[in-house]
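Trainee:
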Amino acid sequence: MEQFFELLITAFLIMAGLFGLVGSFGLLKLNDAMSRLHAPTKATTLGVGGVLLASMANAYANGPYLSVHELMITLFLLLTAPITANFIAKVHIHQRESRNSLPTAGEDGAWATKNLPDTDEG
Numbered sequence: 143m144e145q146f147f148e149l150l151i152t153a154f155l156i157m158a159g160l161f162g163l164v165g166s167f168g169l170l171k172l173n174d175a176m177s178r179l180h181a182p183t184k185a186t187t188l189g190v191g192g193v194l195l196a197s198m199a200n201a202y203a204n205g206p207y208l209s210v211h212e213l214m215i216t217l218f219l220l221l222t223a224p225i226t227a228n229f230i231a232k233v234h235i236h237q238r239e240s241r242n243s244l245p246t247a248g249e250d251g252a253w254a255t256k257n258l259p260d261t262d263e264g
C-alpha cells in the first residue's frame, strides 16, 4: 500500500510539473496579451492543483488523516483565478480597444465593458 501512495504522489507531482511548464511556456511564447493570459490561468491552476493533491495524498499516507487545508487552498484558487483573469482582460480591453475595434456583440448588441454613451455630456 505504501508503494501505491508513493506512485500516486509521484504521478501528481509529475502532472503538476508538466502543467506548470506548459503554462509558463505559453506565457512566454503566445503572441498577444489575451492569449498569454489564458495559458497561466488554466495550466498553472491545474499544476498547483496537482501539487495540492500530492500533498493531500502524502498527508493521508503518513497520517492517515484527510487534510482540509489543501482543500481550502484548492477552492480558493479555483474561485479566484478566473475572476482575476476576467479583471485583467477587462483592463486590457479598456486600455487597448475602442468600441469600433471590438467584434460584434451577441443578441443585445452591446459589450458590457464598452457600454458607453456615444457623446460625453460633461
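According to my numbering, the sequence shown is numbered sequentially starting from 143. Where a beta carbon is used, it is the ideal one built from N, C-alpha and C, also for glycine. These numbers come from a predicted model, not from an experiment.
Quick check: what's the CA-CA separation for L195 versus T183?
Mentor: One-based indexing of the sequence shown puts residue 195 at position 53. One-based indexing of the sequence shown puts residue 183 at position 41. C-alpha of L195 to C-alpha of T183: approximately 18 angstroms in a straight line.
Trainee: Can you tell me the Cα-Cα spacing of E212 and S243, whole angstroms?
Mentor: Taking the first residue of the sequence shown as position 1, residue 212 is located at position 70. Taking the first residue of the sequence shown as position 1, residue 243 is located at position 101. Going by the C-alpha atoms only, they are around 43 angstroms apart.
Trainee: Indicate the three-state DSSP secondary structure (helix, strand or coil) for P182 in the structure shown.
Mentor: Residue mapping note: residue 182 aligns to position 40 of the sequence shown, counting from 1. Note: P182 maps to helix in three-state DSSP.
Trainee: Which one of D174, K171 and S197 has the shortest CA to CA distance from T152?
Mentor: For this step, residue 152 is matched to residue 10 along the sequence shown. When only C-alpha atoms are compared, the closest one is S197.
Trainee: Could you check what DSSP says for R238 in three-state terms: helix, strand or coil?
Mentor: Counting from 1 along the sequence shown, the entry for residue 238 is found at position 96. Note: R238 maps to helix in three-state DSSP.
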